[in-house]
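Residue 0 is where the sequence shown starts when you use numbering that gives the first Met the number 0, and the numbers rise one by one after that.
We put the beta carbon where it would ideally sit given N, CA and C, even for glycine.
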Amino acid sequence: MYCAESSESDPSLTTVQVGDFQFTEERIVEMDKQQFNDILQGIPEIQSILLRDMRRRGLTRKAVQKCRQRQNIRMHELDQRKRYLQNQLTEAIRVQERKASEYELVRARYEHVQRLVVEYLQENPLATTQGPAGSSLIPTTTTAPIPITTTSY
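Below you can see the structure in the form of structure tokens.
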């Protein structure tokens, strides 16, 4: 004899009466294949078709739940990775802006020193050829230049 009762709130609470045994849909789904086939041996074909259908729907429901759970875990991991990379990007932009600011300060100082040197050299034209203690900044050559000869091959 086959009899099925289901709960409207939870379909996994469906109970099935097969001969003298009563099974829930959850138990049918959790059985291994060999146990399930043993139960099907002693029942009429129409009942075995219904039980196979119940097991198939239950296994599908279980697989869908597992898939959704993996998807939720993956989405959570991706969300964490996104936040981490956004923080890294924000920090990199902050460092770049700080370096650009430092570069501008150094460039401004260099240009200021360069202007001071040019002004000094314009005001003191002899300073360009004389080094400290009257030494000359222009090298003097004591040797004669080397003649350039051309040879044909």
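Smallest Cα separation from ARG56: which of GLN70, ILE42 and VAL28? Checking every option, the nearest Cα to that of ARG56 belongs to VAL28.
Nearest-angstrom Cα separation, counted from ARG106 out to GLU118: Roughly 18 Å separates the two Cα atoms.
Please name the residue, chosen from LYS32, GLU25, ILE42 and ASP37, that lies closest to VAL17 on a Cα-to-Cα basis. Ranking LYS32, GLU25, ILE42 and ASP37 by Cα distance to VAL17 puts ILE42 first.
So what's THR89 in DSSP terms, helix, strand or just coil? helix
Rounded to the nearest angstrom, what separates THR13 and LEU49 at their Cα positions? 13 Å
Specify the secondary structure class of THR13 as computed by DSSP and reduced to three states. Per DSSP, reduced to three states, the secondary structure at THR13 is coil, with no helix or strand assignment.
At a threshold of 8 Å, does CYS66 count as lining the ligand GTP (C-beta to nearest heavy atom)? The model on display carries no ligand, and the ligand GTP is accordingly not part of it.
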